[in-house]
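Below is one structure, written out as structure tokens, with a few remarks after it.
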């Protein structure tokens, strides 16, 4: 029997990843609009790469929740419910995104929708990765359930993921081949994310053990995170304008930061509970919707960019306020569960 047990710290972990992703996009807006000099772009690069784990962290968390809640078998409505409340919102918000982009750049609406939303060449590409995980779960749970709790599978997936991304990042003929023959955005190819599937699965199946570990060995987790970031610095040839989580050198760092953020989340379980519940419930909508308004928000908050903390904090607050405000208005109409997801209706 599968019993869903609420884990408050995981709501806060989801919030952390949400805030990190917003911050990453704010810094991207700053980089593109402010035209920083060479010294500034290097500093911004190291900061952005230090928080690059937001998207893969969210992807790992989504898989962790699957194996934590369904240890033996998936429910019969597993795929249909996720299609309704993840894929459908992705498509609907994608329709709106395509309309706004086609108005801005002169492309046809259909071209923009196929290129961005269907192929994954936009900020919502991570949903395509998660959908592939959904389908993989159907196969693994039915035919190879032992893989989900296998340390060997984690190591093998890490090796495959690293090898694939190394080839994609450094071997131009390989990346050209993938671009030519893989029909979607290369950033959505499952081998570029496969380690996060197995790491998330393993943590989910052994969640209490990992929770105990991060609580009792916080110093070790911090050292692991710092060491893995230093390893990234050493082994990667750095292009200070190229910031991406689709990177062979950040896989280990992302896994370590996931554990560190899990530890941080355990210290926040009584912090602003009502606000936290709202942000967590609307997090998926925030992920998809916030880039649509970020440019407008930046046009206002950019006046504070000489004061870094004020600039970033003001931008985050306005983005969250706008997203949750829109979501709250839509929540009054049940039909909009196919836009904002089902979690806000549980508040």
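Numbering (the UniProt record's numbering), first residue to last: 1 to 347. C-beta: ideal position from N, C-alpha, C; glycine also.
- Task: Return the CA-CA distance between residue 201 and residue 106, expressed in angstroms with no decimal places.
- Result: Translated into positions along the chain shown, residue 201 becomes position 201. Translated into positions along the chain shown, residue 106 becomes position 106. Going from the Cα of residue 201 to the Cα of residue 106 covers about 43 Å.
- Query: Where does residue 114 land, buried or exposed, given buried means 16+ other C-beta within 10 angstroms?
  - Reply: Here residue 114 refers to the residue found at position 114 when the chain shown is read from its first residue. Its Cβ having fewer than 16 others within 10 Å, residue 114 is exposed.
- Message: Looking at residue 282: is its Cβ nearer than 9 Å to the Cβ of residue 340?
- Response: For the purposes of this step, residue 282 is identified with residue 282 of the chain shown, where counting begins at 1. For the purposes of this step, residue 340 is identified with residue 340 of the chain shown, where counting begins at 1. In this structure, residue 340 lies closer than 9 Å to residue 282 by Cβ.
- Query: Would you report the Cα separation of residue 102 and residue 336, rounded to the nearest angstrom?
  - Reply: Counted from its first residue, the chain shown places residue 102 at position 102. Counted from its first residue, the chain shown places residue 336 at position 336. Those two C-alpha atoms are separated by around 24 Å.
- Local Cβ density within 10 Å of residue 29, reported as buried at 16 or more and exposed below that: One-based indexing of the chain shown puts residue 29 at position 29. Residue 29 comes out buried.
- Does the count of Cβ pairs from the region 75–87 and the region 272–280 closer than 8 Å reach three? Because the criterion of three Cβ pairs below 8 Å is not met, the region 75–87 and the region 272–280 do not touch.
- Task: Just mark residue 230 as buried or exposed, buried being the case when its beta carbon has 16 or more other beta carbons within 10 Å.
- Result: Numbered from its first residue, the chain shown carries residue 230 at position 230. With fewer than 16 neighbouring CB atoms inside 10 Å of its own CB, residue 230 falls in the exposed class.
- In this structure, does DSSP put residue 272 in helix, strand or coil? Within the chain shown, numbered from 1, the residue matching residue 272 stands at position 272. Residue 272 carries a coil assignment under DSSP once its states are collapsed to helix, strand and coil.
- Task: Can you tell me which of the three DSSP states residue 51 falls into?
- Result: For the purposes of this step, residue 51 is identified with residue 51 of the chain shown, where counting begins at 1. Looking at residue 51 - three-state DSSP - the assignment turns out to be coil, as it is neither helix nor strand.
- Query: Does the Cβ of residue 193 have 16 or more other Cβ atoms within 10 Å, making it buried, or fewer, making it exposed?
  - Reply: The residue given as residue 193 occupies position 193 in the chain shown. Answer is buried; the Cβ neighbour count reaches 16.
- Message: Quick check on the burial criterion: 16 or more other C-beta atoms within 10 angstroms. Buried or exposed for residue 343?
- Response: For the purposes of this step, residue 343 is identified with residue 343 of the chain shown, where counting begins at 1. Residue 343 should be labelled buried.
- Please classify residue 225: is it buried, with 16 or more other beta-carbons within 10 angstroms of its beta-carbon, or exposed? Your numbering for residue 225 matches position 225 in the chain shown. Per the 10 Å Cβ criterion, buried.
- Measure how close the beta-carbons of residue 74 and residue 137 come, nearest whole angstrom, since I'm counting them as under 8 Å. Translated into positions along the chain shown, residue 74 becomes position 74. Translated into positions along the chain shown, residue 137 becomes position 137. The distance from the Cβ of residue 74 to that of residue 137 is about 6 Å, consistent with a contact at the 8 Å cut-off.
- Item | Alpha carbon of residue 223 to alpha carbon of residue 117, nearest angstrom | Residue 223 sits at position 223 when you count from the first residue of the chain shown. Residue 117 sits at position 117 when you count from the first residue of the chain shown. Straight through space, the alpha carbons of residue 117 and residue 223 are spaced by roughly 39 Å.
- Query: With distances taken between CB atoms, is the gap from residue 247 to residue 52 smaller than 9 Å?
  - Reply: Along the chain shown, one-based indexing puts residue 247 at 247. Along the chain shown, one-based indexing puts residue 52 at 52. For residue 247 and residue 52, yes; Cβs fall inside 9 Å.
- Label residue 310 either buried or exposed according to how many other C-beta atoms from any shown protein chain fall within 10 Å of its C-beta, with 16 as the threshold for buried. Counting from one through the chain shown, the residue named residue 310 turns up at place 310. Per the 10 Å Cβ criterion, exposed.
- Query: By how many angstroms is the C-alpha of residue 160 removed from the C-alpha of residue 267?
  - Reply: Start at 1 with the first residue of the chain shown, and residue 267 comes out as number 267. Start at 1 with the first residue of the chain shown, and residue 160 comes out as number 160. Rounded to whole angstroms, residue 267 to residue 160 spans 35 Å at the Cα level.
- Would you say the region 170–183 touches the region 210–223, given that touching needs at least three Cβ pairs under 8 Å? Per the Cβ contact rule, the region 170–183 is not in contact with the region 210–223 (fewer than 3 Cβ pairs under 8 Å).
- Item | Helix, strand or coil at residue 129 [DSSP, three-state] | Taking the first residue of the chain shown as 1, we reach residue 129 at position 129. Of the three classes helix, strand and coil, the one that applies to residue 129 here is helix, per DSSP.
- Query: Does DSSP classify residue 193 as helix, strand or coil?
  - Reply: Here residue 193 refers to the residue found at position 193 of the chain shown. Correct three-state label for residue 193: coil.
- Item | C-beta contact flag for residue 198 and residue 158 at 9 Å | Within the chain shown, numbered from 1, the residue matching residue 198 stands at position 198. Within the chain shown, numbered from 1, the residue matching residue 158 stands at position 158. Going by C-beta atoms, residue 198 is nearer than 9 Å to residue 158.
- Query: Hey, quick one: how far does the alpha helix (DSSP H) through residue 30 stretch, first residue to last?
  - Reply: By 1-based counting over the chain shown, the position of residue 30 is 30. Note, residue 30: alpha helix (DSSP H), 8–34.
- Since residue 332 is in the alpha helix (DSSP H), which residue starts that stretch and which ends it? Translated into positions along the chain shown, residue 332 becomes position 332. Run containing residue 332: none; DSSP gives neither H nor E here.
- Query: Distance, Cα to Cα, residue 179 vs residue 122?
  - Reply: As a first step, residue 179 is located in the chain shown; it is residue number 179 there, counting from the start. As a first step, residue 122 is located in the chain shown; it is residue number 122 there, counting from the start. Cα to Cα, residue 179 sits roughly 16 Å from residue 122.
- Message: Quick check: what's the CA-CA separation for residue 93 versus residue 84?
- Response: Against the chain shown, residue 93 aligns to sequence position 93. Against the chain shown, residue 84 aligns to sequence position 84. Take the alpha-carbon of residue 93 and the one of residue 84: they are about 13 Å apart.
- Message: Tell me which residue opens and which closes the alpha helix (DSSP H) that residue 154 is part of.
- Response: Position 154 of the chain shown, counting from 1, holds the residue named residue 154. Its alpha helix (DSSP H) spans residues 151–170.
- Leaving out five residues before and five after residue 34 in sequence, what residues of the same chain have Cβ atoms less than 7 Å from its Cβ? In the chain shown, the residue the question calls residue 34 occupies position 34. Excluding positions up to five away in sequence, the list reads 305.
- Measuring CB to CB, does residue 251 end up less than 9 Å from residue 195? In the chain shown, residue 251 corresponds to position 251, counting from 1. In the chain shown, residue 195 corresponds to position 195, counting from 1. Yes, these two residues count as a Cβ contact at 9 Å.
- Task: Flag this pair as yes or no: are the beta carbons of residue 133 and residue 66 separated by less than 9 Å?
- Result: Numbered from 1 along the chain shown, position 133 holds the residue referred to as residue 133. Numbered from 1 along the chain shown, position 66 holds the residue referred to as residue 66. Yes, the pair counts as a contact, with Cβ atoms nearer than the cut-off.
- Query: In chain order, what residues of the same chain have a beta carbon less than 7 Å from the beta carbon of residue 243, not counting five sequence neighbours either side?
  - Reply: If you number the chain shown from 1, residue 243 lands on position 243. In chain order, 45, 48, 49 and 52 place their CB closer than 7 Å to the CB of residue 243, counting only its own chain and leaving out the 5 sequence neighbours on each side.
- Item | Rounded straight-line distance, which links the Cα of residue 9 to that of residue 365 | The structure shown does not extend to residue 365, since the chain spans only 1 to 347, so no value can be given for it.
- Task: Take residue 86 as the anchor and find which of 141, 125 and 207 has the nearest alpha-carbon.
- Result: The residue given as residue 86 occupies position 86 in the chain shown. Measuring from the Cα of residue 86, the nearest candidate turns out to be 125.
- Item | Beta-carbon proximity check, residue 256 vs residue 289, cutoff 9 Å | As a working note, residue 256 is residue 256 in the chain shown. As a working note, residue 289 is residue 289 in the chain shown. With respect to residue 289, residue 256 sits apart: the two C-beta atoms are not nearer than 9 Å.
- Message: Taking only three categories from DSSP, how would you classify residue 295?
- Response: Here residue 295 corresponds to residue number 295 of the chain shown, with the count starting at 1. In the structure shown, residue 295 falls within a helical segment according to DSSP collapsed to helix, strand and coil.
- Query: From this set, 38, 99, 96 and 20, which residue's C-alpha is nearest residue 241's C-alpha?
  - Reply: For this step, residue 241 is matched to residue 241 along the chain shown. The shortest Cα separation from residue 241 among 38, 99, 96 and 20 belongs to 38.
- CB contact flag (residue 17, residue 55, <9 Å): Position 17 of the chain shown, counted from the start, is the residue given in the question as residue 17. Position 55 of the chain shown, counted from the start, is the residue given in the question as residue 55. For the 9 Å CB-CB criterion, residue 17 and residue 55 form a contact.
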